[in-house]
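Quick note on numbering: the sequence shown equals residues 1 to 528 in UniProt numbering.
By construction, the Cβ of each residue, glycine as well, lies at the ideal position given by its N, Cα and C atoms.
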Amino acid sequence: MTRPRLLAPRLFLATLLAAAIPAVAPRAQSLTLALASTPTAVDPHFHNLVPNNAIAAHVFDKLVHQDERQQLIPGLAESWRPLSDTVWEFRLRAGVTFHDGAPLEAEDVAASLRRVPAVPNSPGPFTQFTRGIASVEVVDARTLRITTRGPQPLLPTDLSVINIIPRRLEAATTADFRAGTAMVGTGPFRFESFSPGDRVVLTRNDGYWGGAAHWQRVTLRIIPNDSARAAALLAGDVDAVDAVPITQLEALKRRPDLRLFRATSNRVMFLSFDTFRETTPHATQRGGAAMPNPLRDPRVRAAISRAINRPAIVDRLMEGEAIAAGGLLADGFFGASPRLTPEAFDLDGARRLLREAGLPNGFALTIHGPNDRFPNDEKILQAVAQMLQRAGIETRAEALPFNTILSQGGPPNHAYSTMLLGWGSNTGEASSPLRALLATMDRDRGMGVGNRGRYSNPALDAVIQQALSTVDDAARSALLQQASEMAMADHALVPILYQVNIWATRGGIAYTPRADEWTLARFFTPAN
């Protein structure tokens, strides 16, 4: 079994309000959770997105699970081991059944791994996690051997992202999952219904191999509006909320009947740039005339970075509930470079870089970003635009629904020039953002699946590939750090902040806060 990754203690802190978790009361009947982010699908293999993945985790399991700190723990596989640099053996738990009563067998795992690359039209495919698999051998009902195309020490980590479905559903469509007919897993809850944009309803799986959850019935209400979500908790309409609005935080703290739980996130908020096209639609001369794409010049990207006052965003907009970012992951995550500190705010330096790039009068830029996905996303977008304006870039911010940003900002449309985005590391280590955001886009190989600016740097690609095939943990960490430093030196993207995840619950309920932002009903516990 692979060595777990340890996070620095400060990465995972619950507030003092939650320091002592009361004893768990007898199982309660119902739990209602308010979720900030709208899922785009319930098909567990269609779109690699946090709200989708969190909902899937209620119904489905993976071979390998991640705990709240994203350390690997056994899931459907009770054990795993490398037989060589390119062959891994996984041993399944005995006695696990799907919700329809069928026993879990190795053939189900093989079918699930085949389905991942076969799902059509994915806006964010899971193929980055299966791209290295050459073959899957079913040894017996509880044993399978996976052969990789080369050394792949992260295979157990990658498989902690892939949900397992019954083999009879290998050909199921995304519409079948949306209708509920294919929502059959081994997870702690059974699927009852999905009303897009409104709610997901689940019922407890009393035969769950990990022990029955505390709640007979769970309703996941989707409430993207921050004020409405907080109001629902204050009114007692829901038992807990995720993504606690910064604007409501002080009011919630003053309520003795509520509790707060925090964890530093695996998510970085950043600016993504179109570095691919010779001209780009939303970077023009002042007045709107076309010009050669200025975002292809690393000096321009560096100027944008220096113009951003990260401490001001953290302190004023986020009220201290975020961390200024200088890299792809906060300190303490495996492969995060301690040498990457937030770029200093330097307006004079930003203006000087623009002059050096031949843009003494700046240029006109529109930044697109979401208004319904991340804490204070629209406010961050507006603040960044104002900061760039002071540096001499005539900047306009356009906030749109996150689904629009996803559909228009990536392939095949590539409608934007600069985007405010967020990326959470599914794997809890640095290879996830490196291969998704910064590797040259190659969907067949699962690389660059989130690289919406189509940045490409062959030297960086080579270091990423070397890291992915390096078995020794220390050597792999050093390569991941090197790759991150190369990307930041080129300002391939501009990091702004690392999120802090905050949940609020009624006083009689505790939650185990998670680095991955997932809001999971199983880990809410009633208190005496």
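message = Suppose you measure from the CA of residue 128 to the CA of residue 454; what does that come to, to the nearest Å?
response = 16 Å
ask   = residue 31 and residue 239: beta carbons closer than 8 Å?
value = yes
ask   = Run through DSSP, which three-state label would residue 378 get?
value = Correct three-state label for residue 378: helix.
key: Straight-line gap, residue 331 to residue 181 (C-alpha atoms, nearest Å)   = Rounded to whole angstroms, the separation of the alpha carbons of residue 181 and residue 331 is 43 Å.
inquiry  = On the DSSP letters alone, give me the boundaries of the beta strand (DSSP E) that residue 169 sits inside.
reply    = Segment: none, residue 169 is in no beta strand (DSSP E) and carries neither H nor E.
task = Compare the Cα-Cα distances from residue 285 to each of 273, 366, 121 and report the closest residue.
result = 366
task = Could you give the DSSP three-state label for residue 482: helix, strand or coil?
result = helix
inquiry  = Taking 6 Å as the limit between beta carbons, can you name the residues of its chain near residue 422, skipping five residues before and five after?
reply    = 267, 269, 374
message = What does the alpha-carbon distance come out to for the pair residue 24 and residue 209?
response = The predicted position of residue 24 is uncertain, since its pLDDT is 38 and thus under 50; a value taken from the coordinates is nonetheless stated next. Looking at the two C-alpha atoms, the distance is approximately 20 Å.
message = Could you give the first and the last residue of the continuous beta strand (DSSP E) run that contains residue 329?
response = Per DSSP, residue 329 belongs to no beta strand (DSSP E) and is neither H nor E.
query = Residues in its own chain within less than 8 Å of residue 162 by CB, not counting five upstream and five downstream?
reply = 45, 62, 63, 112, 113, 116, 126, 129, 130
message = Just to check my reading of the structure: residue 55 and residue 65 have Cβ atoms closer than 8 Å, yes? What is that Cβ distance to the nearest angstrom?
response = Not quite, the Cβ-Cβ distance comes to about 16 Å (not below 8 Å), so this is no contact.
message = Check for me: the beta strand (DSSP E) holding residue 140 runs from which residue to which?
response = 133–140
request  = On a CA-only basis, which of 156, 279, 297 is nearest residue 291? Give me that one, please.
outcome  = 279
Buried versus exposed call for residue 69 [16 or more other C-beta atoms within 10 Å across all chains shown] = buried
Close Cβ partners of residue 426 (< 6 Å) along its chain, the five nearest in sequence each way excluded = Excluding its 5 nearest sequence neighbours in each direction, residue 426 has C-beta neighbours in its own chain below 6 Å: 161, 432, listed in chain order.
task = For the alpha helix (DSSP H) containing residue 157, list its first residue and its last residue.
result = 155–159
request  = Compare the C-alpha of residue 498 against each of 516, 482, 507, 491 and name the closest.
outcome  = 516
task = Assign residue 314 to buried or exposed, taking buried as 16 or more other Cβ atoms, counted over all protein chains shown, within 10 Å of its Cβ.
result = buried
query = To which residues does DSSP link residue 509 through a beta bridge?
reply = In the DSSP assignment, the residues bridged to residue 509 are 526.
request  = For residue 520, name the three-state secondary structure that DSSP assigns.
outcome  = coil
With 16 other Cβ atoms within 10 Å as the buried cut-off, status of residue 386 = Its Cβ having fewer than 16 others within 10 Å, residue 386 is exposed.
message = Can you check whether the C-beta of residue 125 is within less than 8 Å of a C-beta belonging to chain B?
response = Absent from the structure: chain B. Only one protein chain is present.
Residue 540 - DSSP class collapsed to helix/strand/coil = In the structure as shown, the chain starts at 1 and stops at 528, and residue 540 therefore has no counterpart that could be examined.
inquiry  = For residue 415 and residue 123, what's the separation of their Cα atoms in angstroms?
reply    = 15 Å
query = Where does residue 174 fall in DSSP's three states?
reply = helix
request  = Please confirm if the region 240–256 is in contact with the region 499–507, defined as three or more CB-CB distances below 8 Å between the two stretches.
outcome  = yes
request  = Would you check if the distance between the CB atom of residue 399 and the CB atom of residue 424 is smaller than 8 Å?
outcome  = no
Coil, strand or helix - residue 469 by DSSP = Coil at residue 469, not helix or strand.
request  = Can you give me the Cβ contacts of residue 212 inside the same chain, cut-off strictly under 8 Å, excluding the 5 residues immediately before and after it?
outcome  = 27, 188, 204, 205, 206
Length-filtered (4 minimum) alpha helix (DSSP H) runs lying within the region 224–272 = 226–234, 249–253
Span separating the alpha-carbon of residue 22 from that of residue 197 = Model confidence at residue 22 stands at a pLDDT of 35, short of 50, so the residue's coordinates are unreliable; what they give is reported in the following sentence. So the alpha carbons of these two residues sit roughly 34 Å apart.
request  = Pick helix, strand or coil for residue 407, following the three-state DSSP scheme.
outcome  = helix
ask   = In whole angstroms, what is the alpha-carbon distance linking residue 71 and residue 334?
value = 10 Å
ask   = Roughly how many angstroms lie between the CA atoms of residue 137 and residue 106, to the nearest whole one?
value = One C-alpha to the other measures close to 9 Å.
key: Buried versus exposed, by CB contacts within 10 Å (16 or more), residue 320   = exposed
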